[in-house]
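Numbering (the numbering used here), first residue to last: 54 to 222.
A virtual CB, placed ideally from N, CA and C, is assigned to each residue, including glycine.
Notes to accompany the following structure.
Here it is in structure tokens:
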């Protein structure tokens, strides 16, 4: 995982649940590109098709609430998201994101200060977010050491394989 990343953003509101992130009617899909193409369809059907590779999702409170479906984080990754920045996360979504290698950062109030299609730079050394168009900088909550190690490995499976030397089945 890069210590600094830059990407265009989409801005969402509060209580974006897993059914909005990845609607249940698509749970039988297995092709990663197809899964990504339906991401956030419950919010706006056009988002996935217009989302830039390496883009950043900015949201309000309680992002990822609802069911425990890990498909929500899988869909965001396959849509091209590099990170999700939110006021707060549903706990199970947060863990699923980390375990799948998707960076979730708590940045309270950020969604009230940014506009769609702006470019943000995330600096994990400073735990800061900079809006490129305005130069404004916001702080986010640091992640714990274990979450960082899992993200740096690319998710829990590669982390565990590296730690215990087991090959993938």
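When the Cα atoms are used, what is the spatial distance from residue i to residue j?
i           : j           : result
residue 169 : residue 63  : 5 angstroms
residue 258 : residue 58  : What is shown of the chain runs 54 to 222, which leaves residue 258 out entirely.
residue 155 : residue 208 : 8 angstroms
residue 70  : residue 110 : 14 angstroms
residue 50  : residue 189 : Here the chain covers residues 54 to 222 and nothing more, so residue 50 does not appear.
residue 26  : residue 187 : The question about residue 26 has no answer, for the chain in this structure spans 54 to 222.
residue 193 : residue 158 : 7 angstroms
residue 84  : residue 201 : 28 angstroms
In or out: residue i buried (at least 16 other Cβ within 10 Å) or exposed?
i           : result
residue 216 : exposed
residue 132 : buried
residue 162 : exposed
residue 89  : buried
residue 66  : exposed
residue 78  : exposed
Measure the beta-carbon distance from residue i to residue j and round it to whole angstroms, keeping in mind my assumption that it falls under 8 angstroms.
i           : j           : result
residue 118 : residue 68  : 6 angstroms
residue 139 : residue 101 : Incorrect: roughly 19 angstroms between the Cβ atoms, too far for contact.
residue 160 : residue 182 : 6 angstroms
Starting from residue i, follow its DSSP beta bridges and name the residues at the other end.
i           : result
residue 58  : 175
residue 70  : 118
residue 191 : 182
Threshold first: 4 residues or longer. Then list the alpha helix (DSSP H) segments lying entirely within the segment 98-181, N to C.
100-103, 124-132, 144-153
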